[in-house]
Amino acid sequence: MEKDLKNCTAAELAETVESFGHRRFLAGYLFTFIHQKHVGALDAVTPLPKLLREQLAAEGYTISGIALAEQHHDPDGTTKYVFDLADGCRIETVLLRDDGRNTLCLSTQAGCRMGCTFCATGQLKFQRNLTCGEIVDQVYHAQRLGGKIHNLVYMGMGEPLDNFENVMRSVELLNHEKGANIGIRHITVSTCGLPGAIRKLAACALHPRLAVSLHAPDDATRHKLMRVSQKYALAEILAAIRDYLEKTSRRITIEYCLIHKVNDSDAQARLLIELLRGLKTNVNLIEMNPFDGCPFEPSPPKRIRAFAGILTDAGLETVVRFRRGRSIKAACGQLGATRLKPH
Ligand code: SF4
1211 MEKDLKNCTA
1221 AELAETVESF
1231 GHRRFLAGYL
1241 FTFIHQKHVG
1251 ALDAVTPLPK
1261 LLREQLAAEG
1271 YTISGIALAE
1281 QHHDPDGTTK
1291 YVFDLADGCR
1301 IETVLLRDDG
1311 RNTLCLSTQA
1321 GCRMGCTFCA
1331 TGQLKFQRNL
1341 TCGEIVDQVY
1351 HAQRLGGKIH
1361 NLVYMGMGEP
1371 LDNFENVMRS
1381 VELLNHEKGA
1391 NIGIRHITVS
1401 TCGLPGAIRK
1411 LAACALHPRL
1421 AVSLHAPDDA
1431 TRHKLMRVSQ
1441 KYALAEILAA
1451 IRDYLEKTSR
1461 RITIEYCLIH
1471 KVNDSDAQAR
1481 LLIELLRGLK
1491 TNVNLIEMNP
1501 FDGCPFEPSP
1511 PKRIRAFAGI
1521 LTDAGLETVV
1531 RFRRGRSIKA
1541 ACGQLGATRL
1551 KPH
């Protein structure tokens, strides 16, 4: 039985409350006090009968919390929060501000197993998956410190679909009308391309937006950038994407980080068009963000414009994501960079 109540769904809380001989409706107080009022102790859930609070505490039930360690502000409005987890792991969360809309970029693992060569997080040792409570708590801290959160993107440290159960549980909690109540269409889960997990997501009842990081239009180029490509060929990922589109009819975002003289040629843009032909997708082109020891350089702005132009001319909906939060190492691919030793 899960002892951290912050990890529990509303139905699981009701079962727990009932198991102690109390009425199920009392679980509603637990849920709102944890996910709306953000209390950190059972005693703070004052509408619960004292007996129930004592029973829960005696059986070891708690409400977990992550601790804010640092916050860094970039002049462009981006904020990076650094959090300490109970076991000493550190994670980073980024708040991006755009025309009054706040987007929070969440971490799902401490470190990452995927080892992408252009990403600072991928160079850190993988420590562990985050619990559901540790994922949702990033949102609750950011709401307190930075105001209303309009959009969530699971694109921080870690590969979200490598921590499937906890990520999907956190999506359910954050989408819950008695919790943060963030609309499912305002939640994006990204993956570096795990075909089995993409299929599993297609079979779920809840469908957040899906973003798949391709970063290359062919396997040989992808091998240079993403270790995971040795396990899963592009053809396999594309098959899973087709399956997902058929089952959900939802548009998928393709993420493509532009790296100078590696994946940014005109020919590679045309190859990408071929790869995505007939699929309901839009493309996000991301400016690469360097970190100490990174073997790559970002594509020059002129090259980015040319690459984007080829995609747009072919009818692909394309957006260039310009770097944000670079001065505080909060941009895409830079999370954890301050913990890398200079090479
Ligand atoms: S890009 Fe994403 S999947 Fe790849 S190493 Fe970085 S955090 Fe992991």
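Basically the numbering used here = 1-based index in the sequence shown + 1210.
Even for Gly, the Cβ is constructed at its ideal location relative to N, Cα and C.
Does any heavy atom of ligand 1 sit closer than 7 Å to the C-beta of residue i?
| i | result |
| --- | --- |
| C1315 | no |
| M1367 | yes |
| T1555 | Given that the chain is displayed from residue 1211 to residue 1553, the structure contains no residue 1555 and the question cannot be resolved. |
| M1324 | yes |
| C1504 | no |
| C1402 | yes |
| G1543 | yes |
Going by C-alpha to C-alpha distance, which of the options sits closest to residue i?
| i | options | result |
| --- | --- | --- |
| A1279 | Y1271, G1287, V1292 and A1267 | V1292 |
| T1311 | H1283, G1357 and T1327 | The sequence as given places Arg at residue 1311; Thr does not occur at that position. Closest option to R1311, Cα to Cα, is G1357. |
| L1334 | H1360, D1523, F1532 and C1504 | C1504 |
| E1228 | T1289, R1263 and Q1353 | R1263 |
| R1300 | N1339, P1370 and V1493 | N1339 |
| R1432 | Y1350, Q1319, E1497 and M1324 | M1324 |
| T1398 | E1212, I1464 and I1276 | I1464 |
| E1375 | L1258, K1434, E1527 and Q1319 | Q1319 |
| G1436 | R1460, R1461, Y1454 and Y1466 | A small correction: the amino acid at residue 1436 is Met; Gly does not occupy that position in the sequence shown. Here the closest residue by C-alpha is Y1466. |
| V1422 | L1455, L1468, I1462 and A1412 | I1462 |
| K1259 | A1277, R1234 and C1326 | Correcting the residue type first, residue 1259 is Pro in the shown sequence and not Lys. Nearest C-alpha to P1259: R1234. |
| G1393 | A1412, G1535, H1360 and C1402 | H1360 |
| C1315 | Q1440, Q1353 and L1240 | Q1353 |
| A1330 | N1499, I1514 and T1341 | N1499 |
By how many angstroms is the C-alpha of residue j removed from the C-alpha of residue i?
| i | j | result |
| --- | --- | --- |
| N1217 | P1510 | 44 Å |
| G1519 | P1285 | 29 Å |
| P1552 | K1539 | Confidence at P1552 is low in this model, with a pLDDT of 39, below 50, so its placement is unreliable and no value can be given for it. |
| R1409 | G1368 | 19 Å |
| A1547 | D1474 | 24 Å |
| V1381 | F1517 | 34 Å |
| L1554 | Y1442 | Any answer about residue 1554 is impossible in this case: the structure gives the chain only from 1211 up to 1553. |
| Q1200 | G1231 | With the chain represented from 1211 up to 1553, any question about residue 1200 goes unanswered, as that position is not in the structure. |
| E1222 | G1389 | 15 Å |
| A1407 | D1372 | 8 Å |
| R1395 | H1470 | 33 Å |
| K1457 | E1269 | 42 Å |
| C1322 | E1225 | 34 Å |
| T1219 | L1261 | 22 Å |
| T1491 | V1346 | 28 Å |
| R1533 | E1387 | 33 Å |
| G1343 | T1303 | 14 Å |
| P1405 | D1308 | 32 Å |
| R1379 | L1444 | 28 Å |
| I1273 | D1297 | 15 Å |
| A1237 | D1214 | 14 Å |
| A1479 | V1529 | 14 Å |
| A1412 | L1455 | 8 Å |
| S1537 | G1275 | 28 Å |
| K1434 | V1349 | 34 Å |
| F1241 | T1256 | 13 Å |
| A1541 | K1247 | 30 Å |
query = Which runs of the beta strand (DSSP E) spanning at least 3 residues fall entirely within the region 1466-1515, listed in chain order?
reply = 1491-1497
task = Can you check the region 1255-1307 for any beta strand (DSSP E) of at least 3 residues that lies completely inside it and give the ranges in chain order?
result = 1277-1283 and 1289-1294
message = Quick check: the region 1471-1488 against the region 1415-1431, are at least 3 beta-carbon pairs closer than 8 Å?
response = yes
task = Identify every run of the beta strand (DSSP E) within the region 1380-1409, keeping only runs that are complete inside it and at least 3 residues long; order them along the chain.
result = 1397-1401
message = For the structure I just gave you, are there three or more beta carbon pairs, one from the region 1415-1422 and one from the region 1243-1258, closer than 8 Å?
response = no
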